[in-house]
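Chains as they are written, first to last, in the numbering used here: chain A, 20 to 302; chain B, 20 to 302; chain C, 20 to 302; chain D, 20 to 302.
Working notes, beginning with the structure itself.
Protein chains: 4
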Amino acid sequence: MKKRLILLALALLAAVPVMAKSQIVRDSLQSVVLGRAVKYNVYLPDGFEAAGKTYPVVYLLHGLSGNNEDWEMRGQMRTVLDELIGTGEAAEMVVIMPCAGDNDVRNVQNGYFNMPDCPYEDFFFNELIPGAEKKYRCGGSKGRRAVMGLSMGGGGSTVYCQRHPFMFSSCYAMSAWLDQRELDPDAPMDKLRIVSESVRAHSALDFIDNAKPGTIDELKTVKWFFDCGDDDFLLALSTEIHLKMRARGIKSELRVRNGVHNWEYWHTALRTSFPFASRNFDR
Amino acid sequence: MKKRLILLALALLAAVPVMAKSQIVRDSLQSVVLGRAVKYNVYLPDGFEAAGKTYPVVYLLHGLSGNNEDWEMRGQMRTVLDELIGTGEAAEMVVIMPCAGDNDVRNVQNGYFNMPDCPYEDFFFNELIPGAEKKYRCGGSKGRRAVMGLSMGGGGSTVYCQRHPFMFSSCYAMSAWLDQRELDPDAPMDKLRIVSESVRAHSALDFIDNAKPGTIDELKTVKWFFDCGDDDFLLALSTEIHLKMRARGIKSELRVRNGVHNWEYWHTALRTSFPFASRNFDR
Amino acid sequence: MKKRLILLALALLAAVPVMAKSQIVRDSLQSVVLGRAVKYNVYLPDGFEAAGKTYPVVYLLHGLSGNNEDWEMRGQMRTVLDELIGTGEAAEMVVIMPCAGDNDVRNVQNGYFNMPDCPYEDFFFNELIPGAEKKYRCGGSKGRRAVMGLSMGGGGSTVYCQRHPFMFSSCYAMSAWLDQRELDPDAPMDKLRIVSESVRAHSALDFIDNAKPGTIDELKTVKWFFDCGDDDFLLALSTEIHLKMRARGIKSELRVRNGVHNWEYWHTALRTSFPFASRNFDR
Amino acid sequence: MKKRLILLALALLAAVPVMAKSQIVRDSLQSVVLGRAVKYNVYLPDGFEAAGKTYPVVYLLHGLSGNNEDWEMRGQMRTVLDELIGTGEAAEMVVIMPCAGDNDVRNVQNGYFNMPDCPYEDFFFNELIPGAEKKYRCGGSKGRRAVMGLSMGGGGSTVYCQRHPFMFSSCYAMSAWLDQRELDPDAPMDKLRIVSESVRAHSALDFIDNAKPGTIDELKTVKWFFDCGDDDFLLALSTEIHLKMRARGIKSELRVRNGVHNWEYWHTALRTSFPFASRNFDR
Numbered sequence: 020m021k022k023r024l025i026l027l028a029l030a031l032l033a034a035v036p037v038m039a040k041s042q043i044v045r046d047s048l049q050s051v052v053l054g055r056a057v058k059y060n061v062y063l064p065d066g067f068e069a070a071g072k073t074y075p076v077v078y079l080l081h082g083l084s085g086n087n088e089d090w091e092m093r094g095q096m097r098t099v100l101d102e103l104i105g106t107g108e109a110a111e112m113v114v115i116m117p118c119a120g121d122n123d124v125r126n127v128q129n130g131y132f133n134m135p136d137c138p139y140e141d142f143f144f145n146e147l148i149p150g151a152e153k154k155y156r157c158g159g160s161k162g163r164r165a166v167m168g169l170s171m172g173g174g175g176s177t178v179y180c181q182r183h184p185f186m187f188s189s190c191y192a193m194s195a196w197l198d199q200r201e202l203d204p205d206a207p208m209d210k211l212r213i214v215s216e217s218v219r220a221h222s223a224l225d226f227i228d229n230a231k232p233g234t235i236d237e238l239k240t241v242k243w244f245f246d247c248g249d250d251d252f253l254l255a256l257s258t259e260i261h262l263k264m265r266a267r268g269i270k271s272e273l274r275v276r277n278g279v280h281n282w283e284y285w286h287t288a289l290r291t292s293f294p295f296a297s298r299n300f301d302r
Numbered sequence: 020m021k022k023r024l025i026l027l028a029l030a031l032l033a034a035v036p037v038m039a040k041s042q043i044v045r046d047s048l049q050s051v052v053l054g055r056a057v058k059y060n061v062y063l064p065d066g067f068e069a070a071g072k073t074y075p076v077v078y079l080l081h082g083l084s085g086n087n088e089d090w091e092m093r094g095q096m097r098t099v100l101d102e103l104i105g106t107g108e109a110a111e112m113v114v115i116m117p118c119a120g121d122n123d124v125r126n127v128q129n130g131y132f133n134m135p136d137c138p139y140e141d142f143f144f145n146e147l148i149p150g151a152e153k154k155y156r157c158g159g160s161k162g163r164r165a166v167m168g169l170s171m172g173g174g175g176s177t178v179y180c181q182r183h184p185f186m187f188s189s190c191y192a193m194s195a196w197l198d199q200r201e202l203d204p205d206a207p208m209d210k211l212r213i214v215s216e217s218v219r220a221h222s223a224l225d226f227i228d229n230a231k232p233g234t235i236d237e238l239k240t241v242k243w244f245f246d247c248g249d250d251d252f253l254l255a256l257s258t259e260i261h262l263k264m265r266a267r268g269i270k271s272e273l274r275v276r277n278g279v280h281n282w283e284y285w286h287t288a289l290r291t292s293f294p295f296a297s298r299n300f301d302r
Numbered sequence: 020m021k022k023r024l025i026l027l028a029l030a031l032l033a034a035v036p037v038m039a040k041s042q043i044v045r046d047s048l049q050s051v052v053l054g055r056a057v058k059y060n061v062y063l064p065d066g067f068e069a070a071g072k073t074y075p076v077v078y079l080l081h082g083l084s085g086n087n088e089d090w091e092m093r094g095q096m097r098t099v100l101d102e103l104i105g106t107g108e109a110a111e112m113v114v115i116m117p118c119a120g121d122n123d124v125r126n127v128q129n130g131y132f133n134m135p136d137c138p139y140e141d142f143f144f145n146e147l148i149p150g151a152e153k154k155y156r157c158g159g160s161k162g163r164r165a166v167m168g169l170s171m172g173g174g175g176s177t178v179y180c181q182r183h184p185f186m187f188s189s190c191y192a193m194s195a196w197l198d199q200r201e202l203d204p205d206a207p208m209d210k211l212r213i214v215s216e217s218v219r220a221h222s223a224l225d226f227i228d229n230a231k232p233g234t235i236d237e238l239k240t241v242k243w244f245f246d247c248g249d250d251d252f253l254l255a256l257s258t259e260i261h262l263k264m265r266a267r268g269i270k271s272e273l274r275v276r277n278g279v280h281n282w283e284y285w286h287t288a289l290r291t292s293f294p295f296a297s298r299n300f301d302r
Numbered sequence: 020m021k022k023r024l025i026l027l028a029l030a031l032l033a034a035v036p037v038m039a040k041s042q043i044v045r046d047s048l049q050s051v052v053l054g055r056a057v058k059y060n061v062y063l064p065d066g067f068e069a070a071g072k073t074y075p076v077v078y079l080l081h082g083l084s085g086n087n088e089d090w091e092m093r094g095q096m097r098t099v100l101d102e103l104i105g106t107g108e109a110a111e112m113v114v115i116m117p118c119a120g121d122n123d124v125r126n127v128q129n130g131y132f133n134m135p136d137c138p139y140e141d142f143f144f145n146e147l148i149p150g151a152e153k154k155y156r157c158g159g160s161k162g163r164r165a166v167m168g169l170s171m172g173g174g175g176s177t178v179y180c181q182r183h184p185f186m187f188s189s190c191y192a193m194s195a196w197l198d199q200r201e202l203d204p205d206a207p208m209d210k211l212r213i214v215s216e217s218v219r220a221h222s223a224l225d226f227i228d229n230a231k232p233g234t235i236d237e238l239k240t241v242k243w244f245f246d247c248g249d250d251d252f253l254l255a256l257s258t259e260i261h262l263k264m265r266a267r268g269i270k271s272e273l274r275v276r277n278g279v280h281n282w283e284y285w286h287t288a289l290r291t292s293f294p295f296a297s298r299n300f301d302r
């Protein structure tokens, strides 16, 4: 009897989250090519421990000045994904959230591409993917792997899929930093300048312009989704790449919702991005 | 020139929120009837200082074991309301978020009704409303005042509008605790038992059952909205009150979306609740 | 050159639907048990002719006084499903829309159950399912078959899944007529009375109340979804069955959106129902 | 008693629309400048006859090869608007749907601008607006008047607001034909060519490019909304005008949803467009 009232109290305690048995693991990988350990967070779905099976995997990338904690702490990715898996809108999956930066953007290297003294792309494909997928029983092939991210991570997702089209089944780019057209030649050669130049050097727009028919065919094997707020200062990049890809016959989805370059937008985007990745996994 | 790169960096810094000129003020009111100071947070819209005008007001109520910080810290009410005011979906308004509880539910009195040694309802109507509305240039009449809240605060909102129908133009109750049918007679007479008994004594369902025609007419002057997750343990209360009110000819809105009793649900509910209150303000 | 302007004109012609290669086939089946031919419409997805493969199937049921044309002519099911298949939100599927009624509800038998002189349920399971699935290369097992419908068809869907849980992987009931509590003993014994009595005799609510543990276990093998407007006169039936099923441990989805008992509601429901059925098909 | 069963039957009859007391009036206006009668449909809200008051007005424009019946017959504007007014999301309003074309696009003049032998814009502003607003007690000023439309009508809405910014409080352009860049010099000088050339001559994009500061200030007095499907062949026009306007400091909303150039898209757009117009009416 007493139990009832106590249960009521517990249930009503907004402070007590619903008992989700999914978990966020904090891990790191000693990178040979970077010469340092790289942190990454891992979402493991409810039942992961008990199941012997292999899961599909999403790489979820943060933005400039962010880190591996962002998607959980600021984007509440766990709450959203638990709910989507609960209704079947998202597949049971593992999510890898690697660190590719820091708030101190002038002194710490941010970015997903190979940059002077920081071959991050090499680390990502040669060390992180094989290491994390083995350790956390996930991925293993294009059809079981997707990538998504916000801003710098949206650009990273897009360019990774352009340069490695057989590695990912789908790409979901939020508020994506797809190019950096204006660069100040007099800016100090600090870490911010390095990442900015690397974004220009890896322009996702130029990539489409310069793609040969064979490359276009490869890009068609990836499912593409661009999602950007109508008041986002990067909006033109998302609309432009969608139109360029359409002109070359590559199907992509574009959504422009109300919003700016903030976590409110990206938190909401997760409700679309996880189901999108899930639909495009091999079954 | 350098400026450009710096601006870019700032813009890309997900850590830097968009410069919203709205503000959250932390205040408190010395209550005579409660014999103590009661904290409350206030949302003031962009331009409040400069404008001499009076704003409409929403009272936004937290749940059991919550407090005046919840709606901002856990519900991100400021981000959502800034955005809705920006598109015109919500009116420029003041939002009052009073404290009516604490995480220590057994030793600190939670609740919105008059309870032994804690005449909170008297405080709310006789002290908080006149005090806060004068200090923050808002409200002043039914047509310029609305109430909404979650769980215990959803029940509080509903019962406040039932008992004071000429005080509020609209009521938006989320996952509302509208009644407490089961009570353990042997439970210790602690603060949790007191609030539970007060919810039963103020049953919003019984209120409808017992309402005389004149009361029904009064209830029709309020716009009602109930919003509860399909997996919420309190769901039956929301569906029941909607059907009871309909049977008595009182129009109300009901939404059942996917979800449980958590902040993900209430955060999303704000996108509907603020426009609803706004539409029902006098203009 | 001239072509361009002509193409423009054609493209702008709102009158010209986008060239969807899906098709609606009108067919009929000579029923032995009913002693007459029963019409049914079939949606075949783009590429059906060329593909040799077998598709999953949805049975999409109309309401009282409707017929096999309704879902296409009034619900625009083809436009919606083409679009959902295009984005991958729905699986490529066949949809069977059988006739179970007519506008003349007093003189023509409406209904999905076995009624005097009209063993429709027998027809459905013994003749329609095997006949249509063979002819249109679809279904074949529980995991490849779903049922959904509106009003009388929502009740039909629910009861079919209760009585034949191993025939359908999922059930999506819109504005469902799940019971008929009030019956006029003096009403003329016409076709309307027959269908009303058959709905009472097949009460989906009583079915849950009376279900033994073994039956409950069987019901858990079906994915359930109830979707009903907040101003629908049948709302209480949908909320009640959801709560009853929850109390017995059977997971179901409930959505209450704004709306009444009309095609605007059901047209919109298709955007949720086809993806729901698709997610629950075997892959 | 019998009544109950009959009422049930009527209620369940999907064929019987909910008794909305709004109405669609079919009217026409003898135009002096066009030298012929022009048909237009009028939506009058529930209670229009009895109320003596004046309503705000929306001009709702059809596309190329369409006519005054389209929005009701193909877009179900009445059902949607009845529902939105019912919840308070849209204001009680009058909607004028004038005829500006015909399916025979080569032989009948389509278009909203002044064209050879067809000064439609003159008709619209000098005859239709004053005539219809007087006859149907609506509009009367910028703050009580809005315009919206699809495709050719979306372009018409935009250009009308550019050229007459003090006539409309808001503009909602769906899948808008805002420019016609490619024209075939050898095309026959038929009605289709005339409208195409008139769209080029009234390019909404060029208008922004060429606007002087004073004009920009005028444009800021209108609320702008562009809504276009991601697979619409006209998408680039909507994204471009939004970006151009933003660059000039004119706030506008942009939404890109999934979809093509079809009625499914426009029907859905009405759920956003009527509330948008309503929020921007003077109160």
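Just so it is clear, CB atoms sit at the ideal spot from N, CA and C, and this is done for glycine as well.
| Check | Outcome |
| --- | --- |
| Does any CB atom of chain A fall closer than 8 Å to the CB of residue 182/C? | no |
| Examine the Cβ distances between the stretch 84-98 of chain B and the stretch 227-238 of chain B and report whether three or more of them are shorter than 8 Å. | no |
| Among 147/B, 212/B and 190/B, whose alpha-carbon lies nearest the alpha-carbon of residue 125/B? | 212/B |
| Does any residue of chain C have a CB that is nearer than 8 Å to the CB of residue 162/A? | no |
| Which residues of chain B have a Cβ atom closer than 8 Å to the Cβ of residue 262/C, listed in chain order? | 254, 255 and 258 |
| Measuring only between beta-carbons, confirm whether residue 128/D sits less than 8 Å from chain C. | no |
| Roughly how many angstroms lie between the CA atoms of residue 110/A and residue 244/A, to the nearest whole one? | 18 Å |
| Counting Cβ pairs, one atom from each stretch, are 3 or more of them under 8 Å apart for the stretch 73-80 of chain D and the stretch 43-50 of chain D? | no |
| Please check if any C-beta of chain A sits within less than 8 Å of the C-beta of residue 190/D. | no |
| Applying the criterion that 16 or more other CB atoms from any shown protein chain within 10 Å of the CB defines a buried residue, is residue 75/D buried or exposed? | buried |
| Using 8 Å as the threshold, is the C-beta distance between residue 146/A and residue 48/A below it? | yes |
| Tell me residue 189/A's beta-bridge partners as DSSP assigns them. | 165/A and 242/A |
| Let me check understanding here. Comparing Cα to Cα, which of 258/B, 248/B, 260/B and 119/B lies closest to residue 171/B? | 119/B |
| Can you list, in chain order, the stretches of the beta strand (DSSP E) that have 3 or more residues and sit fully within the stretch 187-235 of chain B? | 189-193 |
| Just how far apart, CA to CA, sit residue 142/C and residue 275/B? | 36 Å |
| If you measure beta-carbon to beta-carbon, which residues of the stretch 270-293 of chain D are closer than 9 Å to chain F? | In the structure shown, chain F does not exist; the protein chains are A, B, C and D. |
| Starting from the Cα of residue 269/B, find the closest Cα among 216/B, 239/B, 278/B and 215/B and give me that residue. | 239/B |
| Quick one: is residue 73/B near chain D, going by C-beta distance under 8 Å? | no |
| Name the DSSP beta bridge partners of residue 59/C, please? | 46/C and 117/C |
| Under 8 Å, Cβ to Cβ, is there at least one residue of chain A near residue 98/C? | no |
| Using the beta-carbon of each residue, which ones in chain B are nearer than 9 Å to residue 198/C? | Those do not exist, as residue 198/C stays about 15 Å from chain B at its closest Cβ, beyond 9 Å. |
| Could you tell me the alpha carbon to alpha carbon distance between residue 129/A and residue 52/A, rounded to whole angstroms? | 16 Å |
| So, residue 63/B versus residue 155/B, is the Cβ gap smaller than 8 Å? | yes |
| In whole angstroms, what is the alpha-carbon distance linking residue 57/A and residue 210/A? | 18 Å |
| If you follow the beta strand (DSSP E) that residue 77/B is part of, which residue opens it and which one closes it? | 76-80 |
| Pull out every residue of the stretch 230-250 of chain C whose Cβ sits closer than 7 Å to any Cβ of chain B, in chain order. | 249 |
| Taking buried to mean at least 16 other C-beta atoms within 10 Å of its own C-beta, is residue 20/B buried or exposed? | Low confidence applies to residue 20/B: its pLDDT is 39, below 50, so where it sits in the model is not reliable, and the reading given next is rough at best. Counting Cβ neighbours within 10 Å, residue 20/B comes out exposed, since fewer than 16 surround it. |
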